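Here is the structure we will look at, set down as structure tokens.
2 protein chains.
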Amino acid sequence: MSQKPSLPKGTRDFGPIQMYRREYLFSTIKSVFKKYGFMPLETPAMENLNVLTGKYGDEGDQLLFKVLNSGDFLNKTTSEDYEAGSKSITSKISEKGLKYDLTVPFARYVAMNRNDVAFPFKRYQIQPVWRADRPQKGRYREFYQCDADIVGTDSLICEAELLAIVEEVFEKLNFEDYQVSLSSRKILEGIAEACGASDEFSRFCTILDKLDKIGLDKVKEELSGIGVSDKGLTTLTTILAIAGNNDQVLKRLSDQLGNTQVGLEGIRETQETLDHLGRLGKTAKKIKVDLTLARGLSYYTGMIYEVKPTTISMGTITAGGRYDNLTGVFGLDGVSGVGISFGIDRIYDTLNELDLFPTDNTQATKILLTNFDDIAQAHALTILGKLREKDIPSEIYPESAKLKKQMTYADKKSIPYVLMIGSREMETGIYSLKNMTSGEQKEVSIDQLLNELS
Amino acid sequence: MSQKPSLPKGTRDFGPIQMYRREYLFSTIKSVFKKYGFMPLETPAMENLNVLTGKYGDEGDQLLFKVLNSGDFLNKTTSEDYEAGSKSITSKISEKGLKYDLTVPFARYVAMNRNDVAFPFKRYQIQPVWRADRPQKGRYREFYQCDADIVGTDSLICEAELLAIVEEVFEKLNFEDYQVSLSSRKILEGIAEACGASDEFSRFCTILDKLDKIGLDKVKEELSGIGVSDKGLTTLTTILAIAGNNDQVLKRLSDQLGNTQVGLEGIRETQETLDHLGRLGKTAKKIKVDLTLARGLSYYTGMIYEVKPTTISMGTITAGGRYDNLTGVFGLDGVSGVGISFGIDRIYDTLNELDLFPTDNTQATKILLTNFDDIAQAHALTILGKLREKDIPSEIYPESAKLKKQMTYADKKSIPYVLMIGSREMETGIYSLKNMTSGEQKEVSIDQLLNELS
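In order, the protein sequence lines correspond to chains Z and A.
Using this note's numbering, read the first sequence as starting at 19 and increasing by one per residue.
Using this note's numbering, read the second sequence as starting at 19 and increasing by one per residue.
Here it is, written out as structure tokens:
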């Protein structure tokens, strides 16, 4: 009996066209990572659950895909376990889960290989991760992450290099319409301190983060609700009104944060990052110091940055920051680092929407040789051998068939040239080469053909 | 509390050195696939269990990794289900599994996309698969498969192209010491018929497959046990004694199989495959027609082939064959095909053992700039910008540190050059370039440096 097959919710196949585009994206990003001295790493899809749980908060734990133990998985359970319900029986029937991000497996790798790794360790990792989230537009249960991190140094050169990587990657992708927001957690702490909200720092951040959505008045109202004084609110208003280029913004902010050591530290680090970037020959013209930048993740402790398209609504397409103590939970202290994550799916959608993918696919078949009968086929195979010897991606239609069928095949595969091989051609050694884009047809010898296509 | 992290049994991390080598392997194979007109495909790690189960036999079903439903997975179960045991409760708490191979997901993809796919469809797929097998040397629970298939045509050109791909891939990898065994299931059927064992074909194959291990006498004994007559055994002995080059073997076999239509068909197809290969400009000098080749998988119906190293003991490193009705189980009949699978892990081990991986890693950092203090660091960053503008993979040591520490870093990362940047160098614009392999040091200007390394 045949069955109608389907895909699990929130997962996708990537057919040839998507794959060509994804490979173009991945190889572009990889080439820049490598140029900056980052080394590749891959970790397994499955991790032991004790590596994964407790690292992403309660919500994250619930979104982990858990793998059922193989064999008689119930044999470590009792009917009491069953009666106690899903949550309590899980750990007895499942020991492994699918990885939720690339950061925790990376931390595990560093902790396990601490003696072999060359610190500071620069690694990149491009692999799928899995989250049992409710699928919706742009949110998948299986999706690729594309991360680069440098661990084992506090040098702000790292931040500058990651920002330089952003500039180079998007330049190579011919994508110009984006902005990089840059700040430091320490600036935010300084602002909180200047507003007298240090004790409520995390709620202060959460409220400030809503500025774009709810506006300044509402933000002030909520801040007042958590005990920020009128004087504090006035200071905040002044700070949020700061405008100018990056140097000016940082200068003006330091006038406001003069009394908060952490704030001044954040300003100095931001300035130093920008200075390093200039020395690296980067214009930093897409970078805007954004004093309200908070980034959701609470583990960031220093510089933070995020990239958004400016002409289309797509959300954050790339982001990252500095964090403390990556591997502490795995028994290796003192390893802090800084990272960046390229949001592959959103970058894909962005390039797609802006029509920025290359139209000529250098990876795909360049020419199809026709196949009308056994004699022409034998003849075509010898030509095919010569084309491939020149590394020209080429095919023969594998069966004798009507021209129309072979043309349809070339069309469907977007093959740009078709070489006609009939009895006249075999006799004269001169073949009709059809350009499938223009429809033009011209006569070529094999040598001319090889020259033209290689 | 910190925990000692570990990896799930049978899974591996791939650190930088392994990754460089794996990427070299994958990109070599991919480039040949593309040259032959194969297009990339990726399918999700998770498939619905109804897609996977029943496709790999009972043993395969047991080796599937099953993913626990998310949320309150017990809510579709009763305590009777629990009492009935693991096997019967599985389908109620798990709907998805990790893919077991690339063939079934490929079949599902073709069935689901039958209207968009250009038939004959040539696709390659390089992705991990998962099997809950007992881990042992060379056998992993998560491992990559690397497959190319052509579906939707019976043309033997496809077989010839896959064999040409084998020749090109191993040539590109500079690996010469291998042999390709080639035969057809139909030849085996012919032999069985000639021996009067057609009714017991599958047991006949199983026994014949043991020839290498148990020897001819034992094989004959076992065949006698399933009812093969003395006359049949004599015929078999004659057939197994056939020697010579491929043309001779096929000719001599056809004298023996003259009365079996299927056998003659197999001989004709084998000969035609070799003829096509010659037309494609391939020598086929590694190919040996092997009349006893059976290949374990019962779904092969036509040509079969496998590749083994000749100078080391590694087993089959690449194999494939023609099969019928790939997608029938998913409601799409008449799609047969032929494929090849490169065994990445074994090929990796083979190249490793024979020391065939390239020693100069063109993907990794080529030069490290030293960092002795803030002034030298600022100076170094401007040089770094110029190196990267020329696409030279390069790094600065991110912190001021003792020379020894920086040299150790370069050594550990196998960076071949180190540029010394001290006050004298900054003054004169002439820098010491140290070759880390030879230990030599020479004086270069920035222009000379850029020329030398690009």
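Glycine is no exception: its CB is placed at the ideal position from the N, C-alpha and C atoms.
Small disclaimer: the values here were computed from a predicted structure and weren't measured.
Taking the alpha carbon of residue i as the reference point, which residue from the options has its own alpha carbon closest?
{"i": "L402(Z)", "options": "S418(Z), L467(Z), T345(Z)", "result": "L467(Z)"}
{"i": "D90(Z)", "options": "D79(Z), A102(Z), I111(Z), F83(Z)", "result": "I111(Z)"}
{"i": "V280(Z)", "options": "R203(Z), G28(Z), L181(Z)", "result": "R203(Z)"}
{"i": "I335(Z)", "options": "D342(Z), T329(Z), V325(Z)", "result": "V325(Z)"}
{"i": "L43(A)", "options": "D367(A), I433(A), S441(A), D392(A)", "result": "D367(A)"}
{"i": "Y435(Z)", "options": "S441(Z), R442(Z), Y449(Z)", "result": "Y449(Z)"}
{"i": "F222(A)", "options": "I305(A), R313(A), T328(A)", "result": "R313(A)"}
{"i": "K408(Z)", "options": "K53(A), E179(A), K452(A), S109(A)", "result": "K53(A)"}
{"i": "E417(Z)", "options": "T171(A), E218(A), E211(A), D273(A)", "result": "T171(A)"}
{"i": "E179(Z)", "options": "L372(A), R406(A), I362(A)", "result": "R406(A)"}
{"i": "L268(A)", "options": "L282(A), T71(A), A215(A)", "result": "L282(A)"}
{"i": "I474(A)", "options": "S316(A), L298(A), L292(A)", "result": "The first residue shown for chain A is 19 and the last is 472, placing residue 474(A) beyond what the model contains."}
{"i": "L344(Z)", "options": "A337(Z), S354(Z), K422(Z)", "result": "S354(Z)"}
{"i": "S316(A)", "options": "P327(A), R340(A), A302(A), L298(A)", "result": "R340(A)"}
{"i": "E160(Z)", "options": "I205(A), E207(A), E98(A), P62(A)", "result": "P62(A)"}
{"i": "M321(Z)", "options": "L206(Z), G361(Z), T383(Z)", "result": "L206(Z)"}
Under 8 Å, Cβ to Cβ, is there at least one residue of chain Z near residue i?
{"i": "S302(A)", "result": "Going by the sequence as given, residue 302(A) is Ala instead of Ser. Judged by the 8 Å Cβ criterion, A302(A) is not in contact with chain Z."}
{"i": "P411(A)", "result": "yes"}
{"i": "N469(A)", "result": "no"}
{"i": "Y100(A)", "result": "yes"}
{"i": "V356(A)", "result": "no"}
{"i": "M425(A)", "result": "no"}
{"i": "M57(A)", "result": "yes"}
{"i": "F44(A)", "result": "no"}
{"i": "A382(A)", "result": "yes"}
{"i": "E189(A)", "result": "no"}
{"i": "S88(A)", "result": "yes"}
{"i": "A136(A)", "result": "yes"}
{"i": "A129(A)", "result": "yes"}
{"i": "T400(A)", "result": "yes"}
What residues are listed by DSSP as bridge partners for residue i?
{"i": "V85(A)", "result": "V85(Z), K114(A)"}
{"i": "T336(Z)", "result": "V325(Z), F360(Z)"}
{"i": "M64(Z)", "result": "L116(Z)"}
{"i": "F161(Z)", "result": "V147(Z)"}
{"i": "P473(Z)", "result": "This structure does not reach residue 473(Z), given that chain Z is present from 19 up to 472, and the question cannot be answered."}
{"i": "R141(A)", "result": "M57(A), D167(A)"}
{"i": "G355(Z)", "result": "V169(Z), Y341(Z)"}
{"i": "Q266(A)", "result": "Partner(s): none; Q266(A) has no beta bridge."}
{"i": "E458(A)", "result": "DSSP lists no partner for E458(A)."}
{"i": "I385(A)", "result": "S412(A), Y435(A)"}
{"i": "Y318(A)", "result": "Y341(A)"}
{"i": "K306(Z)", "result": "S199(Z)"}
I'd like to know whether the C-beta of residue i is nearer than 8 Å to at least one C-beta of chain A.
{"i": "R286(Z)", "result": "no"}
{"i": "M454(Z)", "result": "no"}
{"i": "D76(Z)", "result": "no"}
{"i": "C176(Z)", "result": "yes"}
{"i": "Y118(Z)", "result": "no"}
{"i": "I365(Z)", "result": "no"}
{"i": "G156(Z)", "result": "no"}
{"i": "P153(Z)", "result": "no"}
Ignore the nearest five residues each way along the sequence and tell me which others in residue i's own chain have a CB closer than 8 Å to its CB.
{"i": "E41(Z)", "result": "Q381"}
{"i": "L191(A)", "result": "L43, T46, I365, L369, L374"}
{"i": "T256(Z)", "result": "Q274"}
{"i": "R157(Z)", "result": "G28, D151"}
{"i": "D429(A)", "result": "M454"}
{"i": "K384(A)", "result": "I410, P411, S412, I433, P434, Y435, L471"}
Excluding five sequence neighbours on each side, which residues of the same chain lie with their C-beta closer than 6 Å to the C-beta of residue i?
{"i": "E185(A)", "result": "K300"}
{"i": "T253(A)", "result": "A212, C213"}
{"i": "V187(A)", "result": "I47, V50"}
{"i": "D308(Z)", "result": "S199, S201"}
Please go through the same chain and pick out, in chain order, the residues whose beta-carbon is closer than 7 Å to the beta-carbon of residue i, but skip the five residues on each side of it.
{"i": "L120(Z)", "result": "Q143, Q145, V147, Q163, D165"}
{"i": "D195(A)", "result": "P327, T328, T329"}
Can you find a CB in chain D that lies within less than 8 Å of the CB of residue i?
{"i": "F193(A)", "result": "As a matter of chain content, chain D is missing from the structure shown, whose protein chains are Z and A."}
- Counting only runs of 4+ residues fully inside the region 154-224 of chain A, write out the alpha helix (DSSP H) ranges in chain order. Within the region 154-224 of chain A, the alpha helix (DSSP H) runs of at least 4 residues that lie entirely inside it are, in chain order, 175-190, 203-212.
- Could you tell me which uninterrupted beta strand (DSSP E) segments, each at least 3 residues in length, are contained entirely in the region 415-454 of chain Z, listed from first to last along the chain? Counting only runs of 3+ residues, the beta strand (DSSP E) found wholly inside the region 415-454 of chain Z occupies 435-438, 449-453, in chain order.
- Task: Jot down the residue ranges of each uninterrupted alpha helix (DSSP H) in the region 234-283 of chain Z, minimum 4 residues, whole runs only, in chain order.
- Result: You should have 248-258, 264-274.
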